[in-house]
Each structure stands twice: as C-alpha cells, then as structure tokens.
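Engineer: Protein sequences, first through last, are from chains L and P. Numbered according to this note's numbering, the first sequence spans residues 1 to 367. Numbered according to this note's numbering, the second sequence spans residues 1 to 367. Ideal Cβ placement from N, Cα and C applies to all residues, glycine included. It should be emphasised that the depicted structure is a prediction, and the values quoted were computed from it without experimental measurement. To start, I am sharing the structure in question, which I have written as structure tokens.
2 protein chains.
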Amino acid sequence: MFAMSFGSRNRKSPFFDATVAAGVTHFSVYNHMYMPVSFGDAIGEYWRLVNGVSMWDVSVERQVEICGPDAETLVRYLVPRDLKNLRIGQGKYVPLCDHAGRLLNDPVLLKVDDDTFWLSIADSDVLLWARAIAAERGYDARIVEPDVSPLAVQGPAAEAVVADLFGDWVRDLKYFWFKETDLDGIPVLVARSGWSKQGGFEIYLRDGSRGGDLWHAVSEAGRRFDIAAGAPNYIERIESGLLSYGADTDPDTNPFEVGLGKFVDLDRHDDFVGKTALRALHERGIRRRLTGLFIEGPPMQPNTHPLPVLQGNRKVGKVSAAAYSPRLERNVSLALLEAAALEIRDPLLVITETGQAQATPSELPFL
Amino acid sequence: MFAMSFGSRNRKSPFFDATVAAGVTHFSVYNHMYMPVSFGDAIGEYWRLVNGVSMWDVSVERQVEICGPDAETLVRYLVPRDLKNLRIGQGKYVPLCDHAGRLLNDPVLLKVDDDTFWLSIADSDVLLWARAIAAERGYDARIVEPDVSPLAVQGPAAEAVVADLFGDWVRDLKYFWFKETDLDGIPVLVARSGWSKQGGFEIYLRDGSRGGDLWHAVSEAGRRFDIAAGAPNYIERIESGLLSYGADTDPDTNPFEVGLGKFVDLDRHDDFVGKTALRALHERGIRRRLTGLFIEGPPMQPNTHPLPVLQGNRKVGKVSAAAYSPRLERNVSLALLEAAALEIRDPLLVITETGQAQATPSELPFL
C-alpha cells in the first residue's frame, strides 16, 4: 500500500473534512482535486448502494460555466448532440470530441439560464479547450469554473432522503432535470442524476464554505435509512456499463466505439467540432468496441492498471475495469476490443495481475 | 495517512516497478499519471540531492509533440517568448498563456527538428489546448503525445554519473540543450535540465518498454556516488524558488506575478496568444507577487493545502509550499501575495495547519 501525498497543487474538496471524519481510507485525484474512492469496505459500500442509500463527495465533477451573449452558440459548436429541445432546468449527457472526432470528455450539460450553461465534466481540462475555441472564434462568452461542488445521494432510498430534505417536489424531477433552491440558506441545485444505475440525486453545492453543513444535513436526513459515506462504486459501475472517461477510453477513442454514437447527431445542419471527422468515422464503421467480459476464475480484486486481452497470441485490446460482482457471483469487466475479435468468437484470454484467465463477452449492461 | 488508489484512469510510469522496488512510499497524480513523491526519508533525500546525486521518475512530464509543415508557426503563436534564436537541440523555458493572459502551463520547449517540437509540460492538458488552437486556425500540424518518459538525475554528482553512461560529451551540454542518442540500444534524448538548482540532467526515455533497463543502468552507474531514488524535492524547490504550476498559481495568475515576465516578449512583431491582454496587464502593473516568506516557529511539516496569509485582519494571499530548510535552519515558503501588502511592510501572519505564525518576506531564491 502506498500513501497519497497531499499538497497545494491538487485541491481538497469542500467535503474533505467530512469525508475524513466519516472514515475515508483511499483517495485518487480527478480534475486536480482529491477524490475519496473508498471507506475501506468495498463490499459493504456496494450493497449499501444497491439496497439502501449512499452519499458521495463528487466535487471533482467540476463545472465549466459558459455564459454571455454567445454562450449558446459556443455550446452548440462544442457539442455533437442536437440541443434544440434543451430547456432551462434540463441536463443532457453529451460527448465532447476534438476536430478529429476523438473523445475528450463526456460531461453532463446543464442549461442554467438562456445565456448560462454548465458542463459537469469528467477528468480532463475542458476549461482550456472551451476557452481556446471561444477565443479563436471570437465568441463573446465568459468561461470560468464557478464555486460549485456536487454531492451525490445514490441508491433506492435516495429519493426519500432528498425528499425529506427538500420536499416532495423532488419526486417529480425527471432524469437529468434540476432545480435551484436552498437548504436552510445553503444555496444548491438539486438534480436527478448520478454515476450509478441505482437511482438518485446530485446536490450541487454553490458555496464551498458550506460543505460541512450540507454533508451534515444529508447525513441526518439519511440516518433512518442507514446512509453512510461511499464513493463512485467500482463494482456497480462495471455491472451497469457506465463509461469512465480516461479509464475505458484511450487517446484515440471515438464516441462510436464506446456506445455514445446515439449522442452524435451527424444530420445536424449547423456545424460543430469534429462533424466531418465523425461522419467519416461513422461511414468507416466501428473497429473497436467497449464490451462486457466475464472473466473466469476465483473472485478478482479490482485491477490497478489495464489488463491486456489476447486472442490466440495476438493482443486485441485491454480490460480497463474488472471486479467480482456480488450479485452475478462472477468476475465482470469492461474491455475495449477490436470489433473483428468479437466477431470471430475465438477464445479470449485476459492477462490479470496474478496470472491469466479465460474470458467471455457479454452485452452491456451486465445488470 | 490515506492510501493512493490505483486504477486504469491514471497511468503507471515505465519506471513504476523500479520505483516500487526502490521503496517508494508516497504518490501523487500529475498529468493523469502516478508520480512518486517520497521514499520515506524527506531529509535524507534532500541532503542526497544537495550533496550527491538523486534519480527521479518524472515521466509525468509528458511531451506534447507538435510536428508538420505549420509546427513552427503554431509553436510561435502558442508561446509569448521570442524563439527566433532557438536551434535544433535546444530547449527553452516558456510560459503558456490563454487569450486573457492567464498562465495555463510552464513547459520546456524542445526543438527536436525543424518541423518537430516538444512541450515538456507541467500539470494541465496542453494537448487539448494546442489541438484546439491548431484546428481552429487551420494549421497543418500533428499534435500527439509520443512515447517519451523523462528520468531525472540531479545533484552535484549528476554530471559524473551521466558522463559515465553516455560519454564526456555530456559535460559540454549547455543548460537546456539536449542530444539524441542511445544507451546499449535504449533510445533516449539527454538534456541538461531538471527541476532543481543542484545541476543535472533529464534522460528522456523514448521506448516505454525499456523503463526498467534504463533505471537499472542509471542505478549501476551511480552506485559509486551512492545514488538513490528520490523525487522532485519539496524543500529544495522552495529554497530555489522554482515555480510549481497549479500549486503556486491560481486560475487567474499571469506570468508577471510569478517571475515569468522575462519570458514574455511584448515587443514581438508577430502575433501570439494573449499578446493584447499581456500588454494590458503589464501596463497596469503587478498586483500580486510570488515571494519568499520565512515563517517563524518550530520546524514545519510540509503543508497539505494552501495556508492563508493575513495582514492585520485582512487576507492578502496564500502560502502554497512551506517546509523547514535544513541549510537555512528556518521555515521557508513560497507565497502569492498582494503587492501592496509587501510594500506596506506591516506584519504578516500565516495560518498554519497547527496554529498561526509570524512571517517575514524574503527575496527569491532563498539559496
């Protein structure tokens, strides 16, 4: 076991002290911030998410705020998805691609106002990307990182907890929709969203000095449901086939390879970044595919690096995330593989961290 | 103490296994890679760097390779420094700024060939930035991250070690100059550079599969000088006043505030990113300044987050890095402070992680 080193280069979250008090054991770094990833009981945290309710510090989902007269023009140019029906108070999951069609992030886009949008980002510097595009195109848009830090409440009991805090109106929120409100003076935005398939909400804290207060309020409201601190769940996200940008992708991944083709509207009449390249990639067909793989053998520990996948003696891709699924009672994983290797149906071998194991493709999600 | 979590999203270095074998105890994350930052003996590692020779895995200094017919045009547009005398085989330290003059990285630029440049970057996604600018301006340039991983050899005995490995020609290398060569078939580029003021080299490994071999060769050559594994040194870099982008800077920092004004050529005739904004910032004058601060009291442990600096009851800035200097036998630190606060010369107070302490400004470097 190696220790995480803390310093000024990466930031602590507004919920940092609360997660320490709650017993966090493992951190990673995401968007230049420390992210809690384990409280020392991987299986317990998994079952709590699946059967009850869990709360996660996901302030690392930084917001890139785009506002001003040309904000909408810029957002439409950055995003390959058609946004013509996007309303204030609504979010949409959107791939971001570069001019060659390579995926560079997969944020949730929130329309906060007619001239104000947030990109709630995965782990890459979208702020720099958006600023470069806006300035070079001469758009009148201000692009900043606002003081906003999401706290996730996830699991089948999440709705009851969040309704206790904010009122029954949250039960009527549709998926990815959100509303600005406050909790005893703590300014927040409540969204039905989150990086699990167990249902739940993300409470976007809008005042970093109130992190402890918000954490405490959610803990108290969740007490009768046995809420406890967790983190984006390694096992559940594999079972659910949720993409982790930077882990499941590589520098050349395009959205069609990882199941995001449905969010790329190639027939849009207006221009957007990567349109020509994405059309060509789509025409050419999918050469690699993110797929599920069952991996045989005894229960696996989560992998610490990508695992090579062989067919015969040839490397045909890599497993990015593998873990033992308590519900399926098998090892499950996500792998980016050559599409041809999946068609051949010859046996696949995964080089694990302890040896090697046979693997069988599965549709996604597993569950 | 909290554990570092390892997974596919951040990469292991080609030297990872070697650093584990050498006893690494602490990691951070930098440019989406795991970076060794301590081998458990902070003071011993410091004295080895100052008096002998230390070897560091700095593969996190990723290269952004810009090549093609418009490579030079793009590089000149990205960089505010005048590059007209830059020769093949030469490097230069360059700030990168956005269109508003905000610092976004401070890489070393290496001219590898007439149409090939590397930016050896600090911790932000310069790849995305450069791709956005190039594509929007229609430049014919290919921008990729090549398979290149620097290994630093630093300290007064570094030259003898590197000369033993590569020959006496390395003694004639001027600061920031480099040469392509190989070590028993391991392709490398040897540069006189490194993130310390103790002198030394960076060996840019050009084949990630040979990390263990290169590490072993350097270890063997350094044996008679008692070389050992270290990391970019927290104490020495404060003493030497070396900038850590992302730690000593904040989202609005401009190069004039942190001593990089001499690398901004406002009189250049050709255009570059941020030229107009940088001229206006220069005209306006410096409002904040990166300065040294002596901090009174018993020896400090390295800080884990920025420390507020007060003058009277008013916050006038923050300390980004503080540590006890074994050579000065005082606590030294780097702080970004309001320039006016430094002119007033009223007492400064630092809110440390254990209390508060008086502080006195110092010119940089301390040593």
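(1) Taking Cβ positions only, does P:E61 come closer than 8 Å to chain L?
(2) Which residues mark the beginning and the end of the beta strand (DSSP E) in which P:E202 is found?
(3) For P:A21, count the other beta carbons within 10 Å of its own beta carbon; 16 or more makes it buried, fewer makes it exposed. Which is it?
(4) Output, in chain order, the set of chain L residues within a Cβ distance shorter than 8 Å of P:P306.
(5) Residues in its own chain within less than 8 Å of L:S38 by CB, not counting five upstream and five downstream?
(6) Three or more C-beta pairs closer than 8 Å, one from the region 74-81 of chain P and one from the region 268-279 of chain P: is that the case here?
(7) Quick check on L:E329: does DSSP put it in helix, strand or coil?
(8) Against chain P, with Cβ distances strictly below 8 Å, would L:M1 count as a contact?
(9) For a contact meaning CB atoms closer than 9 Å, what does P:W129 contact in chain L?
(10) Pull up the distance between the alpha-carbon of L:V218 and that of P:C67, whole angstroms please.
(11) Does DSSP put P:G222 in a helix, a strand or coil?
(12) At the level of alpha carbons, what is the spacing between P:R284 and P:V264?
(13) With a threshold of 7 Å on Cβ separation, who are the neighbours of L:R171 within its own chain once the five nearest residues in sequence on each side are excluded?
(14) L:T291 and L:P361 - do their beta-carbons sit closer together than 8 Å?
(15) Assuming L:E363 is part of the beta strand (DSSP E), what are its boundary residues?
(16) L:D182 lies in the beta strand (DSSP E); which residues open and close that run?
(17) Just to confirm my understanding: we take P:V94, look at its own chain, exclude 5 residues before and 5 after, and list those with CB closer than 7 Å. What are they?
(18) With DSSP run on the structure shown, which of helix, strand or coil describes L:L86?
(19) Starting from the beta carbon of L:F15, find every residue of chain P whose beta carbon is closer than 7 Å, and list them in chain order.
(20) Below 8 Å on the Cβ atoms is my guess for L:W129 versus P:L128; work out the distance and round it to an integer in Å.
(21) Any Cβ of chain P within less than 8 Å of the Cβ of L:R137?
(22) Taking all protein chains shown into account, decide if L:I121 is buried (16 or more other Cβ within 10 angstroms of its Cβ) or exposed.
(23) Strictly below 9 Å CB to CB, what residues from chain P border L:F256?
(24) Within a Cβ cutoff of 7 Å, which residues of the same chain sit near L:G7, ignoring the five residues on either side of it in sequence?
(25) Taking only three categories from DSSP, how would you classify P:P36?
(26) Short of 6 Å in beta carbon distance, which residues of its chain neighbour L:A100, apart from the five on each side in sequence? Order them along the chain.
(27) Which term fits L:D98, buried or exposed, when burial requires 16 or more other beta carbons within 10 angstroms of its beta carbon?
(28) Sorted by chain position, which residues of the same chain lie with C-beta nearer than 6 Å to P:V350's C-beta, five sequence neighbours on each side aside?
(29) CB L:R62 to CB L:N105, shorter than 8 Å?
(30) Please report the straight-line C-alpha distance between P:G200 and P:W177, rounded to a whole angstrom.
Structural biologist: Considering the structure as presented:
(1) False, the Cβ-Cβ gap to chain L never drops below 8 Å.
(2) P:E202: member of the beta strand (DSSP E) spanning 200-205, first to last residue.
(3) Note on P:A21: under 16 other CB atoms within 10 angstroms of its CB, so exposed under the neighbour-count rule.
(4) Those within 8 Å of P:P306 in chain L are S8.
(5) So the qualifying residues of the chain are V24, T25, H26, E45, A231.
(6) They touch, by the three-pair rule.
(7) If DSSP states are grouped into helix, strand and coil, L:E329 belongs with coil.
(8) Chain P contact via Cβ: present.
(9) The contacting residues are D125, L128, W129, R131, A132.
(10) Computed Cα separation, rounded: 52 Å.
(11) The DSSP-derived three-state label of P:G222 is helix.
(12) Computed Cα separation, rounded: 15 Å.
(13) Cβ neighbours of L:R171 beyond the five flanking positions: E159, A163.
(14) In this structure, L:P361 places its C-beta atom within 8 Å of the C-beta atom of L:T291.
(15) That residue, L:E363, is in no beta strand (DSSP E); it is neither H nor E in DSSP.
(16) In the DSSP assignment, L:D182 falls within the beta strand (DSSP E) that extends over 178-183.
(17) If we look at P:V94 and ignore the five residues flanking it on each side, its Cβ neighbours are V79, R81, P107, L109, F263.
(18) Coil, per DSSP.
(19) Within 7 Å Cβ-Cβ: nothing; L:F15 doesn't reach chain P, min ~14 Å.
(20) For L:W129 against P:L128, the beta-carbon gap comes to about 5 Å, under 8 Å, which counts as contact.
(21) Yes, because at least one Cβ of chain P sits closer than 8 Å to the Cβ of L:R137.
(22) Buried, because 16 or more other Cβ atoms sit within 10 Å of the Cβ of L:I121.
(23) Correct list: empty, because the minimum Cβ distance to chain P is about 20 Å.
(24) Same-chain partners within the cutoff: there are none.
(25) Judged by DSSP in its simplified three-state form, P:P36 adopts strand.
(26) Non-local beta-carbon contacts of L:A100 in its own chain, meaning distances under 6 Å to residues more than five positions away in sequence, involve A277 in chain order.
(27) L:D98 should be labelled buried.
(28) Around P:V350: I295, L307, V309, V319, A357, A359.
(29) Their beta carbons are not under 8 Å apart, which means L:R62 does not touch L:N105 by this criterion.
(30) Cα atoms of P:G200 and P:W177: separation of roughly 12 Å, rounded to the nearest angstrom.
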